[in-house]
Amino acid sequence: MKEFDTELGISVTGCNLWYGELQALKNIDMEIAEREITAFIGPSGCGKSTFLKTLNRMNDLVENCRIEGRFIIGGVDIYAKDTDVNLLRKNVGMVFQKPNPFPMSVYDNIAFAPRTFGIKKRSELDEIVEKSLRRASIWDDLKDRLKKSALGLSGGQQQRLCIARALAAEPKILLMDEPTSALDPISTGKIEDLMSELKTELTIVIVTHNMQQATRIADKTAFFYLGELIEYAETETLFTTPKDRRTENYITGRFG
Amino acid sequence: MSIRVKYETELNSVYNKLIAMCRSVETAIERSIDSLITRNDDLAKEVIRDDKRIDGIEHEIEQDCLKILLLEHPVASDFREVSATLKMITDLERIADQAADISELALQFGDERFIKEPTHIKEMAKLAALMVKDSVLSLINKDRELARALDDRDDRVDALFGVIKSDLVALIQKDKNNVDQAILFMMIAKYLERISDHAVNIGEWVEYAITGSHKVG
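Heads up: the sequence lines are chains A and B, in that order. Under the numbering used here, the letters of the first sequence match residues 1 to 256, in that order. Under the numbering used here, the letters of the second sequence match residues 257 to 473, in that order.
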């Protein structure tokens with residue numbers, strides 16, 4: 001298959017997705033700029049997480065899920081027959097709402113992906129573990145606890161560990177599905193700082209229910225409603241002068 | 257009470273204070289000119305005293321708006337309305353200052369006969385006070401046309417200022433003894449001209465609240 005090139009942008013055209021009979025995404029066209037943070041907002045069930053998951057083919061695992069459209073990431077058509085899904089997920093990492101460290105040591109969590117991709121040498125793994133933990137701003141917290149179980153860490157530490165684990169695969173794009181919704185404001189702040197630092201090298205797409213979070217960190221924001229992409233603009237524009245009535249109603253709390 | 261209803265209640269309370277402030281400012285303009293025309297020193301002093309109370313309302317509205325920004329994090333039109341209100345009250349407060357300044361000048365005429373009946377000044381004051389009223393009304397009613405029309409109405413006030421200026425120049429040329437009153441009248445006319453400019457500023461903030469675009473200049 002074609003290698004992912006250095007262009008880290010995402011281009012989606014004509015995305016439709018069904019769960020059985022239910023159409024969850026409708027005619028979505030979207031260009032996501034590289035080395036920026038793009039936030040997806042919208043009410044629960046609007047399709048934002050579903051759309052996020054299409055970007056590294058997480059929906060492949062869902063039964064009765066049918067996807068249409070053209071998804072180009074880093075120059076690669078990610079739904080083409082010859083696409084290596086493992087390679088896709090190496091390049092497009094994902095962090096979930098609930099921190100999900102593997103039930104193993106901090107070290108083994110981080111070394112998991114590099115080992116999967118064939119790295120065996122201890123010194124090389126040591127280097128990756130340190131570098132990834134540093135990039136996730138959690139090296140100082142964990143450097144003396146590398147052999148301890150990751151399950152003993154606090155929620156905020158676990159989430160940063162999961163980000164470090166995703167970074168260990170050297171992804172070019174990081175998808176984050178409500179990564180701070182289970183965290184306190186201090187841990188949230190640390191993760192937001194981290195995202196702002198990472199965007200100099202990575203493209204980040206984040207689903208969030210916290211609109212202040214979108215205004216704080218996202219360069220662009222996309223509003224999804226009932227499976228459609230309603231409005232997609234510079235974050236400042238979307239939150240000061242939204243064009244669509246539905247966006248206005250949602251962000252000002254007039255819905256329902 | 258839902259959060260949205262609570263928000264709208266808070267915003268309405270700010271709007272009610274804004275309407276009250278606007279009425280006080282209109283009254284200050286009218287009274288300052290009445291005190292001049294009727295030579296009523298007590299009325300002039302009342303306008304000067306009332307300026308302090310208007311400053312108080314401005315402060316109160318400012319605190320309310322900052323509290324809404326801090327606690328409610330308004331966005332979209334909510335955000336624009338609150339920020340426009342914050343800007344508008346500065347203009348309203350300045351207008352009240354200028355009405356007080358006019359009253360200070362009115363006190364300086366003493367009992368001397370006017371060198372000229374201030375009919376144009378009266379006309380200017382009437383137009384300016386009405387512009388102030390409509391500027392605030394345009395926010396409350398989200399009336400973009402009313403807000404936009406203020407610019408043209410300002411031209412009428414500017415034209416009157418020009419007429420007053422040339423009349424006063426002629427009076428000074430006719431008799432040097434007219435200079436003292438002419439300067440006082442000129443300053444009053446200038447304050448009224450500034451008041452109408454402030455009303456235009458308010459209209460521009462209303463335009464921002466409604467559309468999101470703010471005219472610079």
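Cβ atoms here follow ideal geometry from the backbone N, Cα and C, with glycine treated the same way. Remember, it's a predicted structure, so these values are computed and weren't measured experimentally.
By the criterion of a C-beta distance shorter than 6 Å, MET277(B) is surrounded in its chain by ILE313, LEU348, once the five residues flanking it on both sides are discounted.
Listed along chain B, the residues sitting closer than 8 Å to GLU248(A) by beta-carbon distance are ALA332, SER333. Cβ-Cβ distances below 8 Å link ASP407(B) to VAL456, GLY459 in the same chain, with the five nearest sequence neighbours on each side left out; the list follows chain order. Straight-line measurement puts the Cα of ILE304(B) at about 27 Å from the Cα of ASN434(B).
Under a 10 Å Cβ-count criterion, ALA169(A) is classified as buried, with 16 or more other Cβ atoms of the shown protein chains found around its own Cβ.
ILE37(A) sits in a strand when the DSSP states are folded into three classes. For MET277(B), the uninterrupted alpha helix (DSSP H) segment begins and ends at 259-293. Rounded to the nearest angstrom, the gap between the Cα atoms of ILE317(B) and LEU274(B) is 7 Å. Contacts with chain B at 7 Å (Cβ-Cβ) include ILE251(A).
In this structure, the alpha-carbon of MET30(A) lies about 11 Å from that of LEU55(A). From the listed residues ALA415(B), ILE439(B), GLU449(B), the smallest Cα separation to ALA426(B) is found for ILE439(B). GLY93(A) is classed as buried because its beta carbon has at least 16 other beta carbons within 10 Å across all chains shown.
Within 10 angstroms of the beta-carbon of ALA136(A) lie 16 or more other beta-carbons, which makes it buried. Interface residue (Cβ-Cβ distance to chain B less than 7 Å): PRO114(A) is not classified as such. With a threshold of 7 Å between beta carbons, PRO43(A) makes no contact with chain B.
Residue burial annotation: ASN91(A) is buried, with at least 16 other C-beta atoms found within 10 angstroms of its C-beta. Judged by DSSP in its simplified three-state form, MET30(A) adopts strand.
Spanning the alpha carbons of ASP60(A) and MET344(B) requires a straight line of approximately 55 Å.
With respect to chain A, the C-beta atom of GLY468(B) has a partner C-beta closer than 7 Å. Taking 7 Å as the upper bound on Cβ-Cβ separation, chain A lies near no residue of the region 338-355 of chain B.
PHE417(B) counts as buried, since no fewer than 16 other beta carbons sit within 10 angstroms of its beta carbon. Contact between TRP139(A) and GLU130(A) holds, since their C-beta atoms are separated by about 6 Å, short of 8 Å. With fewer than 16 other CB atoms across the displayed protein chains lying within 10 angstroms of its CB, ASP193(A) is exposed. Cα atoms of VAL281(B) and GLY253(A): separation of roughly 34 Å, rounded to the nearest angstrom.
Closer than 7 Å to the CB of GLN158(A) there is not a single CB belonging to chain B. By alpha-carbon distance to ARG134(A), the top candidate from ARG89(A), GLY14(A), GLU197(A), ALA182(A) is GLU197(A). For LEU175(A), the uninterrupted beta strand (DSSP E) segment begins and ends at 173-177. Annotated three-state conformation of ARG409(B) is helix, per DSSP.
Within the same chain, Cβ atoms closer than 6 Å to the Cβ of ARG246(A) are found at TYR225, ILE230, the five residues on either side in sequence being excluded.
Not a single C-beta of chain B is nearer than 7 Å to the C-beta of THR38(A). At least one CB of chain B lies nearer than 7 Å to the CB of GLN212(A). Think of a sphere of 8 Å around the beta carbon of PHE239(A): the chain B residues whose beta carbon falls inside it are VAL331, ALA332, PHE335, in chain order. With 16 or more other Cβ atoms from the protein chains shown falling within 10 Å of its own Cβ, THR38(A) counts as buried.
The C-alpha of ARG216(A) lies about 20 Å from the C-alpha of ASN249(A). The Cβ atoms of MET443(B) and LEU361(B) lie closer than 7 Å to each other.
Interface with chain A (7 Å Cβ-Cβ cutoff): ARG260(B) is included.
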